[in-house]
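First residue of the sequence shown: 29, per our numbering; consecutive thereafter. Yeah, the Cβ is synthetic: ideal placement off N, Cα and C, and Gly gets one too. Heads up, the thing below is written out as structure tokens.
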Amino acid sequence: MLPRSDETYAELEKLSGDKVRAICVICKVVSAINQCELHLYFTRKELLDFCIEHGIHMTAYSPLGSSDSPLIKDSHLILILWGVQRGTSVTPKSVTPSRIQENLKDDIVFEQEDMNTLKNMVTEPRRLIIPDN
């Protein structure tokens, strides 16, 4: 009996790049998409680099992370754009039509300097969702 898809994704979320790499060696069919917690405060660079190298697209859930910076006014838009400009899909949760429309804005583009500034804001990775061990 195969595990349910939600169980499979819960287990995949626990994996590092090394473990995903091992799965790719063993499996005959490699996943096209890896969905995991991914945001400015938990960038998963090693895993993202691995996925890019192997043609696996990353989709970020919880892409808004948690920003308490008083310097960022519309932090949700900045965090969505940061994820998109890294080449990942983002899936921000919203049920409010106006917020959904706002999340779709694509009229801002970060310069590399802006991306570097955001990257340097985070000194300690922080997860919002802690998978069961």
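Using DSSP bridges, identify the partner residues of residue i.
i, result
"Ser122", "Beta-bridge pairing links Ser122 to no other residue."
"Phe70", "His67"
"Asn131", "Looking at the DSSP assignment, Asn131 forms no beta bridge with any residue, so it has no partner."
"Asn62", "Met86"
"Ser117", "Thr87"
Quick one: residues in its chain with C-beta nearer than 6 Å to the C-beta of residue i, no 5 flanking neighbours on either side, listed in chain order?
i, result
"Arg72", "Leu66"
"Asp162", "With the chain represented from 29 up to 161, any question about residue 162 goes unanswered, as that position is not in the structure."
"Leu76", "Met86"
Whose C-alpha, out of the options, is nearest the C-alpha of residue i?
i, options, result
"Leu109", "Gly83, Leu132, Ile84, Leu75", "Leu132"
"Val57", "Ile84, Asp142, Phe78, Tyr69", "Ile84"
"Phe78", "Ala60, Leu68, Phe138", "Ala60"
Which residues in the same chain have their Cβ closer than 8 Å to the Cβ of residue i, if we skip the five residues on either side of it in sequence?
i, result
"Ile136", "Leu105, Leu109"
"Phe138", "Leu109, Trp110, Gln113, Leu146"
Once you ignore the five residues that flank residue i on each side, which residues in its own chain have a CB closer than 7 Å to its CB?
i, result
"Ser122", "Ile128, Asn131"
"Val118", "Ala88, Pro91, Ile108, Gly111, Val112"
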